[in-house]
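As you go down the protein sequences, you meet chains A and B in turn.
The numbering used here puts the first residue of the first sequence at 963, with every later residue one more than the last.
The numbering used here puts the first residue of the second sequence at 5, with every later residue one more than the last.
Glycine residues also receive a C-beta, built at the ideal position from the N, C-alpha and C atoms.
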Amino acid sequence: MIAHAIIFYIFSLIAIVSAIMVTVSKNTVNSVFFLILDFISISCLFIMIGAEFLGMIMLIVYVGAVAVLFLFVVMMLNVAQQKNEWFNSSGRSSHIPVGLLVSIIIFFELIIVIGGWKYKPDLLDSIAIEINTDLTNTQSLGGVIYTDYIHLFQLSGMVLLVAMIGAIVLTFRQRSGVKRQSYFKQISRDRKDGIELVDVENNKGVKIDA
Amino acid sequence: MAELFIFFEQIYKILFLLIPVLVSVAMIVWLDRRVWAFVQKRRGPNVVGPFGLFQTLADALKYIFKEIIIPASSNKVIFILAPIVTMTLALIAWAVIPFSETFVLADINVGILYLFAVSSLGVYGIIMGGWASNSKYPFLGAIRSAAQMVSYEVSIGVIIINVLLCVGSLNLSDIVLAQKDLWFVIPLFPMFIIFFISALAETNRPPFDLPEAEAELVAGYQTEYSGMMYAMFWLGEYANILLMCAMGSILFLGGWLSPIDLFPFNVIPAPIWLILKILFLFILFALIKAIVPRYRYDQLMKLGWKIFLPFSLIYVVLTASFLMYFDLLPGN
């Protein structure tokens, strides 16, 4: 039990420190790496409370895919420059008070949620779905999502699909003059339109129309 | 005191797994070069030790004694961290690989997800190395590699779903035991082929070795690395290849199970079967390296997104409908 507590505090310390480093570090790429460290330690915490499916999905989705895209954006665009300007011109910019306001509101919301949860006498009665402890949490999650909440699940999938199509439509542009490979054209070429035999007259050559 | 004992027992178990993996990585590099040489009618490494078996050890020794050069304009912390990340990720994934019914370090419920997660983290070693070098070729290599690995992960994920539909569990031992009567390579043969090709792309093996395409990018993300750090990238890459072979043999070739449950076959201990299957897949990897020319980048992307992804998605629907129609779904 002591080992469990020690490991828990190690992971949560890493999570908190790296979350602070995300906002404090001046190099944007380092911020993203700290964000990844944060994701990893939080998924370790998930695994420690027995939610191994959530922990693994967190690793696969956030670290394996989302953070890679973050890194791409940060490395390709020169976000570092912009962030440095923000840091240097702290007198004029107004994002620090706004950020503070948002974080204070979130902090109070969390206090209200945790307080309400802590002082509710019959917490277990208020849970709508009964908990079956025999199943692994992958099975029970699947049972809940794909039977009780199937419509909401499908709906959220549709929202993601719409967002994806929107992003593609916004960024798609047809460029002219780009040579593309068409497998069909390549395969359906035959000898007749591929090769032409020409008798070349002396000192005249052949005119090839491009 | 008891906790301390458990701690040391675990460390002993981990070493018992890791040291054979590291040794077999060294051997596999030799095997790779040997197969490659035989296809091209050369001899390959045959000088150091019997059949040249110790060639990799000699190479490793050479790398250890070489100077490590860190470029002046690089981001030093991330530059040093990149090969370490690659190597560590390639090794921690072996924790969940079951070598027999009892011989598995961590028999966790979500074993296949763990493997998938670790292999998807593998891209960070390459991106970090490419970016931290602060040089054009490594950065281009890193970007190529990131796009390539993220795209092929998607199709590997869908292929895993195909297998999971037939098993009904994310546990790797359950996946192997579900193949007792019929290896999944037979009903899911197209998925096996796609898995194999995606594994080539995921581990940056030829014909998909675009991140280190020497004709265009010198050596891609490895350009600025030297000495031991280069060797770690290299060992991590081969450990990853072995891991992909192990994953392929667990998902499709029945893991530690013997092909037929008859006398001469079932006396051979279970781990030997797994090792033989991994070797078989690895020799296929090595042969493909020798005989197939490198893909162009747009062809690679087209193959991943426009051919493999739709095909494996359709196969998911087919598998699910087949299992549903004949009432073969596991778990009920």
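When only Cα atoms are considered, Ser1003 of chain A and Tyr1145 of chain A end up about 47 angstroms apart.
Between the stretch 162-175 of chain B and the stretch 311-320 of chain B, the count of Cβ pairs shorter than 8 angstroms is three or higher; the stretches touch.
Taking a Cβ-Cβ cut-off of 9 angstroms, Gly1105 of chain A has no neighbours in chain B, whose nearest Cβ is about 11 angstroms from it.
Residue state for Trp260 of chain B is assigned as coil, using DSSP reduced to three classes.
From the listed residues B:Gly308, B:Phe11, B:Pro49, B:Met5, the smallest Cα separation to Ala203 of chain B is found for B:Gly308. Taking the beta carbon of Ser137 of chain B as reference, no residue of chain A falls within 7 angstroms; the closest one sits roughly 12 angstroms away. Taking the C-beta atoms as reference points, Leu174 of chain B is found nearer than 8 angstroms to Val114 of chain B. Within chain A, no residue has its CB atom less than 8 angstroms from the CB of Asn270 of chain B, the nearest being about 31 angstroms off. Looking at the backbone, the Cα of Thr1100 of chain A and that of Pro49 of chain B are separated by about 48 angstroms. Rounded to whole angstroms, the Cβ separation of Ala250 of chain B and Ile282 of chain B is 5 angstroms, and the two are in contact under 8 angstroms. Between Ile73 of chain B and Phe83 of chain B, the CB-CB gap reaches or exceeds 8 angstroms. By the neighbour-count criterion, in which a residue is buried when 16 or more other Cβ atoms sit within 10 angstroms of its Cβ, Gly240 of chain B is buried. According to the DSSP assignment, Ala99 of chain B belongs to no alpha helix (DSSP H), since it is labelled neither H nor E. Non-local beta-carbon contacts of Pro87 of chain B in its own chain, meaning distances under 6 angstroms to residues more than five positions away in sequence, involve Met233, Met236, Phe237 in chain order. Apart from sequence neighbours up to five positions away, the residues of its chain that approach Val1160 of chain A with a beta-carbon distance below 8 angstroms are Val1168, ordered along the chain.
If you draw a straight line from the Cα of Ala965 of chain A to the Cα of Ile972 of chain A, it is about 11 angstroms long. The C-beta of Ser1118 of chain A has fewer than 16 other C-beta atoms within 10 Å across all chains shown, which makes the residue exposed. When only Cα atoms are considered, Ile32 of chain B and Val39 of chain B end up about 10 angstroms apart. The beta carbon of Ser325 of chain B sits no closer than 8 angstroms to any beta carbon of chain A. Around the beta carbon of Ala151 of chain B, 16 or more other beta carbons sit within 10 angstroms, so the residue counts as buried. Cβ contact annotation for Glu206 of chain B (same chain, cutoff 7 angstroms, sequence separation greater than five): Ser123, Met153, Tyr156, Glu157, Ile160, Met248, in chain order. Using a Cβ-Cβ cut-off of 8 angstroms, Phe330 of chain B does not count as an interface residue toward chain A, since no Cβ of chain A sits closer than that to its own.
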